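K.L.:
If you're matching positions, the sequence shown starts at 7 in the numbering used here and goes up one per residue. Note that CB positions come from ideal geometry on N, CA and C, so glycine has one too. Everything numeric in this text was worked out from a predicted model, so none of it was measured. First the structure, which I've put down as C-alpha coordinates, then a few questions once you've had a look.
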Amino acid sequence: MTREHSTDPQPFTRRLLRVVVSIVVLAPVSVFVGYGGGLLLTASAALGGPDPTTDDGDPLRERLLAWPDRNREVMRTNGRADLPLSP
(Lines of atoms letter the chains of each structure in order from A; the text may use other names.)
(Lines give C-alpha, C1' and ligand atoms only; values in the text may rest on other atoms or scores of the structure.)
Protein backbone atom coordinates (compact mmCIF):
# COMPACT_ATOMS: atom_id res chain seq x y z
CA MET A 7 0.00 0.00 0.00
CA THR A 8 1.48 3.33 -1.04
CA ARG A 9 0.66 6.77 0.28
CA GLU A 10 -1.02 8.35 -2.72
CA HIS A 11 -2.87 10.97 -0.69
CA SER A 12 0.24 12.46 0.87
CA THR A 13 1.04 15.33 -1.50
CA ASP A 14 2.69 17.55 1.14
CA PRO A 15 6.32 18.11 0.26
CA GLN A 16 7.08 18.97 3.91
CA PRO A 17 5.80 17.29 7.05
CA PHE A 18 3.55 19.19 9.45
CA THR A 19 6.23 19.63 12.12
CA ARG A 20 8.58 21.32 9.67
CA ARG A 21 5.88 23.74 8.50
CA LEU A 22 4.94 24.47 12.11
CA LEU A 23 8.57 25.17 12.93
CA ARG A 24 8.82 27.63 10.03
CA VAL A 25 5.69 29.48 11.23
CA VAL A 26 6.99 29.68 14.80
CA VAL A 27 10.40 30.95 13.66
CA SER A 28 8.72 33.56 11.46
CA ILE A 29 6.65 34.83 14.37
CA VAL A 30 9.58 34.84 16.78
CA VAL A 31 11.76 36.77 14.32
CA LEU A 32 9.21 39.17 12.82
CA ALA A 33 7.50 40.28 16.04
CA PRO A 34 10.63 41.89 17.58
CA VAL A 35 11.64 43.34 14.21
CA SER A 36 8.26 45.03 13.76
CA VAL A 37 8.34 46.38 17.33
CA PHE A 38 11.85 47.72 16.80
CA VAL A 39 10.90 49.41 13.53
CA GLY A 40 7.71 50.80 15.06
CA TYR A 41 9.29 52.28 18.16
CA GLY A 42 12.64 52.94 16.52
CA GLY A 43 11.45 56.15 14.89
CA GLY A 44 10.27 57.61 18.19
CA LEU A 45 13.47 56.61 19.94
CA LEU A 46 15.53 58.13 17.14
CA LEU A 47 13.65 61.44 17.40
CA THR A 48 14.02 61.46 21.19
CA ALA A 49 17.74 60.78 20.97
CA SER A 50 18.29 63.41 18.29
CA ALA A 51 16.39 65.99 20.36
CA ALA A 52 18.47 65.17 23.44
CA LEU A 53 21.77 65.28 21.56
CA GLY A 54 20.80 68.00 19.08
CA GLY A 55 22.33 70.90 20.93
CA PRO A 56 20.78 74.06 22.32
CA ASP A 57 17.10 74.94 21.92
CA PRO A 58 16.28 77.54 19.28
CA THR A 59 15.27 80.91 20.69
CA THR A 60 13.02 83.69 19.50
CA ASP A 61 14.13 87.26 18.84
CA ASP A 62 13.28 88.07 22.48
CA GLY A 63 15.58 85.33 23.73
CA ASP A 64 12.73 83.10 24.95
CA PRO A 65 12.97 79.39 24.15
CA LEU A 66 10.88 78.69 21.07
CA ARG A 67 9.28 75.58 22.57
CA GLU A 68 7.72 77.60 25.41
CA ARG A 69 6.19 80.07 22.98
CA LEU A 70 4.88 77.23 20.82
CA LEU A 71 3.26 75.62 23.86
CA ALA A 72 1.46 78.89 24.71
CA TRP A 73 0.26 79.44 21.13
CA PRO A 74 -3.05 77.43 21.31
CA ASP A 75 -4.18 79.31 24.43
CA ARG A 76 -3.58 82.68 22.79
CA ASN A 77 -5.47 81.63 19.67
CA ARG A 78 -8.35 80.34 21.81
CA GLU A 79 -8.85 83.85 23.23
CA VAL A 80 -9.24 85.23 19.70
CA MET A 81 -11.73 82.50 18.77
CA ARG A 82 -13.89 83.35 21.81
CA THR A 83 -14.34 86.88 20.44
CA ASN A 84 -15.51 85.39 17.12
CA GLY A 85 -12.35 86.65 15.40
CA ARG A 86 -12.87 90.31 16.34
CA ALA A 87 -9.82 90.57 18.58
CA ASP A 88 -6.34 91.19 17.23
CA LEU A 89 -4.40 88.07 16.48
CA PRO A 90 -1.45 87.50 18.78
CA LEU A 91 2.03 87.57 17.36
CA SER A 92 3.08 84.36 15.72
CA PRO A 93 5.46 82.16 17.63
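#1: Quick one: give me the first and last residue of the alpha helix (DSSP H) that Arg76 is part of.
#2: Near Pro65, what residues of its chain come up, given a Cβ to Cβ distance below 7 Å and the 5 sequence neighbours on each side ignored?
#3: May I ask you to report which of helix, strand or coil DSSP gives Thr48?
#4: Taking DSSP as the reference, what is the three-state secondary structure of Thr59?
P.N.:
So, from the data block:
#1: Sequence index remark: in the sequence shown, residue 76 carries index 70 (1-based). Looking at the DSSP string, the run of the alpha helix (DSSP H) that includes Arg76 is 66-82.
#2: The sequence position of residue 65 within the sequence shown is 59, counting from 1. Cβ neighbours of Pro65 beyond the five flanking positions: Asp57, Thr59.
#3: By 1-based counting over the sequence shown, the position of residue 48 is 42. Residue state, collapsed to three classes: helix.
#4: Within the sequence shown, the letter at position 53 stands for residue 59. Secondary structure of Thr59 (DSSP, three-state): strand.
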